[in-house]
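In what follows, a single structure is set out as structure tokens and then discussed.
There are 2 protein chains.
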Amino acid sequence: MGAIIEPTEDTRDTRERILDAAENVFMACGYDGASMRQITSDAGVNLAAGHYHFGSKEDLFKAVLYRRLRILNQERLRVLDELEAKAGGTPLKPSQIVDAFFGTLLRMAIAHGPRGQTFLRLIGRTLTEPSEFIRTVLSKEFAPILERYKAAMFRALPEVPKEEIVWRFHFMLGATSYAIAGVDTLRLVTDWETGEVEDDLERLLPRLMSFLLGGLRAPLPATPIQVPQPRGNGRNRRKKS
Amino acid sequence: MGAIIEPTEDTRDTRERILDAAENVFMACGYDGASMRQITSDAGVNLAAGHYHFGSKEDLFKAVLYRRLRILNQERLRVLDELEAKAGGTPLKPSQIVDAFFGTLLRMAIAHGPRGQTFLRLIGRTLTEPSEFIRTVLSKEFAPILERYKAAMFRALPEVPKEEIVWRFHFMLGATSYAIAGVDTLRLVTDWETGEVEDDLERLLPRLMSFLLGGLRAPLPATPIQVPQPRGNGRNRRKKS
DNA sequence: GTATGATTAAAACGTTCGTTTAACTCGATC
DNA sequence: GATCGAGTTAAACGAACGTTTTAATCATAC
Chain A
14 MGAIIEPTED TRDTRERILD AAENVFMACG YDGASMRQIT SDAGVNLAAG
64 HYHFGSKEDL FKAVLYRRLR ILNQERLRVL DELEAKAGGT PLKPSQIVDA
114 FFGTLLRMAI AHGPRGQTFL RLIGRTLTEP SEFIRTVLSK EFAPILERYK
164 AAMFRALPEV PKEEIVWRFH FMLGATSYAI AGVDTLRLVT DWETGEVEDD
214 LERLLPRLMS FLLGGLRAPL PATPIQVPQP RGNGRNRRKK S
Chain B
14 MGAIIEPTED TRDTRERILD AAENVFMACG YDGASMRQIT SDAGVNLAAG
64 HYHFGSKEDL FKAVLYRRLR ILNQERLRVL DELEAKAGGT PLKPSQIVDA
114 FFGTLLRMAI AHGPRGQTFL RLIGRTLTEP SEFIRTVLSK EFAPILERYK
164 AAMFRALPEV PKEEIVWRFH FMLGATSYAI AGVDTLRLVT DWETGEVEDD
214 LERLLPRLMS FLLGGLRAPL PATPIQVPQP RGNGRNRRKK S
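Chains A and B supply the protein sequences, listed in that same order.
At the far end of the first sequence sits residue 254, using the working numbering, and the numbering has no gaps.
At the far end of the second sequence sits residue 254, using the working numbering, and the numbering has no gaps.
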């Protein structure tokens, strides 16, 4: 403190102001529903400033995604690296991998406060938008991460067919994205007895983790045509009831 | 057959042609991304026909949702009624309830062919669109169904806190919606070894059901601050590892 | 002070959107 | 065969959109 001016709403960089406003509007309205006019208006800057700093609406959307996604996925890689280093050559436990991927996501969102949660919901929405350029963005940013985590999961569950693991990872992604993105939707549908969203986000982590691990460890479905399995297929297949 | 003309693309009702085209476009582009011009053009009808038959874009979207959602949810109620009638007064098994809700969804989608799958993905997308009028539509259509299923679930799992059940139902909804809506998104991200979508939809059901039930039955998370429970609070609270 | 490069501001461009209007077609009804 | 109403068509409306242009502003270096 002293001579340095605090980054208040009025002194923050125009670029960041636009990014923050865009994050909000894109989350609330979706990519197509958001307009540059509303974004720049919310940010308190001129309409042309958006194009001056980011070029186009598409590039602004990319910038919004990249800003936090890059940090998140770097952290995801770092945590996985650290776990694997500690484990030496032995495979990780599935719970460790799940926590490294989904736990990191939620912990970072919590750490970033309301903005983190906004971004969380934006991601949840974005993953269901099949627009061409959005898929390209997601593909480029997620592909290396998912490859690493897939590999770790294959090593952790050698007796489970890879196809099943991939599907279950997909299910876990869905449960997580949706749990965050759709909170208000379903809150409106049914008057369930959940508290405030802010409180919930911290309680959500253990809840979600339990669910994800339960699903991941569930007995494999009785496949009508079983993919030829080399060996050792009969383990960890019992459920409790 | 004979004098009756088959409902081909050219003889079907204008209304239905518009509904089908709208279903496709809304699924592919989202509500905001879709335009009346593209919908009516795909349907091979005049632009004004859309407004003549449905009034507005909003009402067209509602009509698209209602057309199948009504049937789906009626069937969901019917199945649940039938199960509870068979069970007499005893609570249902959780697996029965999950299958009645999510299994009915997937089976109906399979039964309706490609159109069923399109609708499935449309629903998956729609549930993450927090637009005001969409939430109203979903609320009105889903509220009674969810109340019935929630009640059945509470009866089936009397020892589990209701809050946890609701959350896990939420997670299950997410895993399901996303598993369908996001298939292509993630197929692009990672080159996982899944076959064709059409084949997958039938294999998806047992896979998804295993995952959902595994998550539903997972040990409850170790809650740091337990909500005051009237009685019988000490059971099934252990995590397994 | 003046020149310079980066940023902001206001205004307009062309396009596309949802929606409406008005004319038109056509089969059924009397 | 004139009437009428439901359905269809072409054309246009005003608004909102992304984007561009042009001028004004500002700090900084000479």
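In this text, a Cβ means the ideal position worked out from N, Cα and C, and glycines have one as well.
{"query": "Threonine 103 of chain A - DSSP class collapsed to helix/strand/coil", "result": "coil"}
{"query": "CA-to-CA distance, glycine 68 of chain B to leucine 93 of chain A, given in whole angstroms", "result": "54 Å"}
{"query": "Alanine 122 of chain A and glutamine 130 of chain A closer than 8 Å at C-beta", "result": "yes"}
{"query": "With 16 other Cβ atoms within 10 Å as the buried cut-off, status of aspartate 26 of chain A", "result": "exposed"}
{"query": "Same chain only: Cβ atoms within 8 Å of asparagine 37 of chain A, ignoring 5 sequence neighbours per side", "result": "Asp55, Thr131"}
{"query": "Contact list for the segment 67-82 of chain B against chain A, Cβ threshold 7 Å", "result": "none"}
{"query": "Below-8 Å beta-carbon distance, glycine 43 of chain B vs any chain A residue", "result": "yes"}
{"query": "Rounded separation between arginine 220 of chain B and glutamate 142 of chain B - CA only", "result": "27 Å"}
{"query": "Interface flag, glutamate 142 of chain A vs chain B, CB-CB below 8 Å", "result": "yes"}
{"query": "Minimum Cβ-Cβ distance from glutamate 22 of chain B to chain A less than 8 Å", "result": "For glutamate 22 of chain B, the pLDDT reaches just 45, beneath the cut-off of 50, and the residue's location in the model is therefore unreliable, although a value from the coordinates is still provided. Judged by the 8 Å Cβ criterion, glutamate 22 of chain B is not in contact with chain A."}
{"query": "Leucine 140 of chain A in three-state terms, based on DSSP", "result": "coil"}
{"query": "7 Å Cβ shell around phenylalanine 146 of chain B - same chain, five flanking residues per side excluded", "result": "Glu71"}
{"query": "Residue-level contact to chain B via CB, histidine 64 of chain A, 8 Å cutoff", "result": "no"}
{"query": "Cutoff 7 Å; reference arginine 89 of chain A; Cβ partners in own chain excluding five residues on either side", "result": "Ala113, Phe114, Thr117, Ile158"}
{"query": "Rounded straight-line distance, which links the Cα of phenylalanine 74 of chain A to that of leucine 133 of chain A", "result": "15 Å"}
{"query": "Serine 48 of chain A - DSSP class collapsed to helix/strand/coil", "result": "coil"}
{"query": "Any C-beta of chain A under 8 Å from that of phenylalanine 115 of chain B", "result": "no"}
{"query": "Beta-carbon neighbours of arginine 138 of chain A, restricted to chain B and to distances below 7 Å", "result": "Thr141"}
{"query": "Residue-chain proximity (phenylalanine 184 of chain B, chain A), Cβ-Cβ < 8 Å", "result": "yes"}
{"query": "Chain B within 8 Å of methionine 222 of chain A, Cβ atoms only", "result": "yes"}
{"query": "Backbone CA spacing between serine 223 of chain A and proline 234 of chain B [nearest angstrom]", "result": "6 Å"}
{"query": "Cβ-Cβ distance between valine 77 of chain B and leucine 226 of chain B below 8 Å", "result": "no"}
{"query": "Proximity below 8 Å, CB of glycine 137 of chain A to CB of isoleucine 193 of chain A", "result": "yes"}
{"query": "Simplified DSSP state of glycine 227 of chain A, which is helix, strand or coil", "result": "helix"}
{"query": "Arginine 161 of chain A: first and last residue of the uninterrupted alpha helix (DSSP H) it sits in", "result": "145-169"}
{"query": "Aspartate 26 of chain A - DSSP class collapsed to helix/strand/coil", "result": "coil"}
{"query": "Residue environment, threonine 189 of chain A, which counts as buried when at least 16 other CB atoms sit within 10 Å", "result": "buried"}
{"query": "Best match in B/Gly57, B/Ala62, B/Arg81 for proximity to leucine 135 of chain B [C-alpha to C-alpha]", "result": "B/Arg81"}
{"query": "Neighbour flag for glycine 228 of chain A against chain B, beta carbons, 8 Å", "result": "yes"}
{"query": "Nearest to lysine 163 of chain A (by Cα), restricted to the options A/Arg216, A/Ser144, A/Glu176", "result": "A/Glu176"}
{"query": "Closer than 8 Å at the beta carbon, the chain B residues around alanine 188 of chain A", "result": "Phe184, Met185, Gly187, Ala188, Tyr191, Gly228"}
{"query": "When A/His183, A/Phe155, A/Arg230, A/Leu214 are compared against asparagine 277 of chain A, the one with the closest alpha-carbon", "result": "What is shown of chain A runs 14 to 254, which leaves residue 277 of chain A out entirely."}
{"query": "Reference leucine 229 of chain A, options A/Ala41, A/Glu97, A/Lys106, A/Ala47, closest by Cα", "result": "A/Lys106"}
{"query": "Straight-line gap, histidine 183 of chain A to asparagine 59 of chain A (C-alpha atoms, nearest Å)", "result": "41 Å"}
{"query": "DSSP state of valine 173 of chain B mapped onto helix, strand, coil", "result": "coil"}
{"query": "Spatial neighbours of leucine 170 of chain B in its chain, beta-carbon cut-off 8 Å, leaving aside the 5 residues before and after", "result": "Pro107, Ile178"}
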